[in-house]
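Residue numbers (the working numbering), protein chains in the order written: chain A, 1 to 112; chain B, 1 to 114.
Each remark here refers to the structure printed beneath this line.
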């Protein structure tokens, strides 16, 4: 049963610390997305990749967020330094170029 | 700039009745629309979709209606069941952009009371 895997599931950290979230997309999917769930914005698109190449990261605060896809089985989202306003659930999703997306279970981040 | 809007944060209905969830969009380039359902502590899962060449798509108890002129779509659940209680997200994409990028709304929390 293919699924998107995200780690960690929960992360509590202090302001100023670096946070790295990881995602293993479904094998064969060529697009990978990072979304953030907030009460006000719903599911907010942060960045996405096609065939490992970044296509759009305009949704990310550039000064502190970075997203990479070092290989086809791993996507990372890094926050450095983290701030309390970054507290949210971060979702990774993968799919084919057009069609439905498959989401991971999310990484809940709490920045104190 | 919220291109996809779900103006009702929550909805409560009685079991067996109809649930109607609404969604509005502003970008006229959007031509494919999807609904996702999300349970607590889980990721969203695909529910149903509709292409702009149609105005209705049905799958069991779930029907999505699209009104292109009003830039409005709705999800009907009939009959509603307690297991339908979840957050529902509307999403839109422009197939012509060839990116697969989905823009989501804020979500509507549906509670179905037994």
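Idealized CB from N, CA, C, for every residue including glycine.
With distances taken Cα to Cα, identify the nearest neighbour of residue i among the options.
| i | options | result |
| --- | --- | --- |
| residue 10 of chain B | B:4, B:21, B:98, B:17 | B:21 |
| residue 19 of chain A | A:66, A:79, A:38 | A:79 |
| residue 90 of chain A | A:84, A:105, A:57 | A:105 |
| residue 21 of chain A | A:11, A:49, A:53 | A:11 |
| residue 114 of chain B | B:12, B:89, B:44 | B:12 |
| residue 25 of chain A | A:93, A:99, A:111, A:100 | A:93 |
Who does residue i pair with in a DSSP beta bridge?
| i | result |
| --- | --- |
| residue 90 of chain A | A:36, A:107 |
Around the C-beta of residue i, are 16 or more other C-beta atoms found within 10 angstroms, so that it is buried, or is it exposed?
| i | result |
| --- | --- |
| residue 44 of chain A | buried |
| residue 62 of chain A | exposed |
| residue 96 of chain B | exposed |
| residue 81 of chain B | exposed |
| residue 105 of chain B | buried |
| residue 87 of chain B | buried |
| residue 18 of chain B | exposed |
| residue 31 of chain A | buried |
| residue 53 of chain B | exposed |
| residue 39 of chain B | exposed |
Could you spell out the range, first to last residue, of the beta strand (DSSP E) harbouring residue i?
| i | result |
| --- | --- |
| residue 73 of chain B | 72 to 77 |
| residue 22 of chain A | 19 to 24 |
| residue 8 of chain A | Neither: residue 8 of chain A is in no beta strand (DSSP E) and is coded neither H nor E. |
For residue i, collect the residues of the same chain with a Cβ closer than 6 angstroms to its Cβ; drop the 5 residues on either side in sequence, then sort them by chain order.
| i | result |
| --- | --- |
| residue 26 of chain B | 3 |
| residue 34 of chain B | 49, 91 |
Who are the Cβ neighbours of residue i in its own chain at under 7 angstroms, not counting the five residues just before and after it?
| i | result |
| --- | --- |
| residue 64 of chain A | 79, 80, 81 |
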